[in-house]
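Everything in the sequence shown is counted per my numbering, starting at 31 for the first residue and increasing by one. Heads up, the beta-carbon is just placed ideally off N, CA and C, and yes, glycines get one too. These numbers were taken from a predicted model, which means no experiment stands behind them. Working notes for the structure below.
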Amino acid sequence: MKKLPLFILRRTLPAIFFTFVLIILHPGSSFAESTTETEADSSENVASVGKPINLSYEPGFQAYAYKNVNYELGLISQTDLTYRGYPTLSACTAASIGMISEFWMDGDFTEGQLFAQSIIDINTEQGNFDEFSGLLITDTVDELDDRNLALFVIKNSNKETLMNSLETIGPVAVLVKSGWKRNGANHMAILSGYDPESDVVTIYDPNLDKPLRLYWGTFDSIWKINFTGRKENPLMRTFFVIVSRDPAKLAAHQ
């Protein structure tokens, strides 16, 4: 796995929206714990959080114009979070949500970390958090709603759709493998930046203590894994968008 030194990039161009296909996650439409499989009861084409949000890009005759984008976050390590008072290695979902919530809470790292811990505590009481497999992101909808945040999932996607969401909305959570190895456990991390010139992505991984930079090919070799293992119902290149329902906050980041 190739790693490059971290350097800071600035977002340069204004956001541009495209047509899209959107899937909203509901508490009843969850990922199976062992396969991270999505059920078919999700709703399509029904997005609105104060105004329509575009989350998918339909490739046309012209090549997608990738932009140089970077969002600086406070990295929440899952080892700084606890399960029943003890450090846990199963908190990547909560840590990832906490990092994205920072973005919508004006970069408040402490508040993001407290939110991540509260997600674990609440879902432990509800019986949703497992000591070994962690937490399904679909079980956090109520906690997100309490913060005026909406959760969306995009399945079986592509590079253009992923980068369009990164550019026009903000950092997104990606479904990958722990250790960036094909045989690793199911894992969640944050995509926070992309440099089209070097074709390098910036990742905030809850397993690490600093941002990780990967060539796109290295990242995609893990992101494209079919998590169901079935051709008839694949789940690959999946990412999650958490976005504020507050139109003012949404506009401020565009």
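Under the 8 Å Cβ criterion, the segment 251 to 263 does not count as touching the segment 158 to 165, having fewer than three qualifying pairs. The beta carbon of residue 264 sits closer than 7 Å to the beta carbons of 186, 256, 258 from its chain, once the five residues preceding and following it are set aside; these are given in chain order. Closest in alpha carbon position to residue 201, among 111, 284, 115, is 284.
Its chain contains 121, 122, 125, 236 as the residues whose beta carbon lies nearer than 6 Å to that of residue 108, once the 5 sequence neighbours on both sides are disregarded; these appear in chain order. Where residue 194 is concerned, the enclosing alpha helix (DSSP H) starts and stops at 189 to 198. In this chain, residue 216 is not harboured by any alpha helix (DSSP H); it is covered by the beta strand (DSSP E) spanning 216 to 225. Within its own chain, the residues whose Cβ lies closer than 7 Å to the Cβ of residue 111, once the five positions on either side in sequence are excluded, are 118, 121, 124, 125, 146, 147, 150, listed in chain order. In this structure, residue 135 keeps its C-beta atom at 8 Å or more from the C-beta atom of residue 103. In this structure, residue 223 lies away from residue 96, with their beta-carbon atoms at least 8 Å apart. Runs of alpha helix (DSSP H) with 4 or more residues, each lying fully within the segment 103 to 190, are found at 122 to 134, 139 to 155, 171 to 176, listed in chain order. One alpha carbon belongs to residue 105, the other to residue 231, and they sit about 16 Å apart. A distance below 8 Å separates the beta carbons of residue 271 and residue 182.
In the structure shown, residue 252 falls within a helical segment according to DSSP collapsed to helix, strand and coil.
Note that the C-beta distance between residue 152 and residue 132 is not below 8 Å. Of the candidates 195, 206, 210, 141, the residue whose Cα lies closest to the Cα of residue 280 is 195. Residue pairing for residue 269: DSSP places it in a beta bridge opposite 184, 204.
DSSP, reduced to helix, strand and coil, places residue 238 outside both helices and strands of the structure shown, so it counts as coil.
In this structure, residue 204 sits near residue 269, with a CB-CB distance shorter than 8 Å. Nearest to residue 144 by C-alpha distance, out of 166, 177, 169, 208, is 177.
One Cα belongs to residue 246, the other to residue 189, and the distance between them is close to 9 Å.
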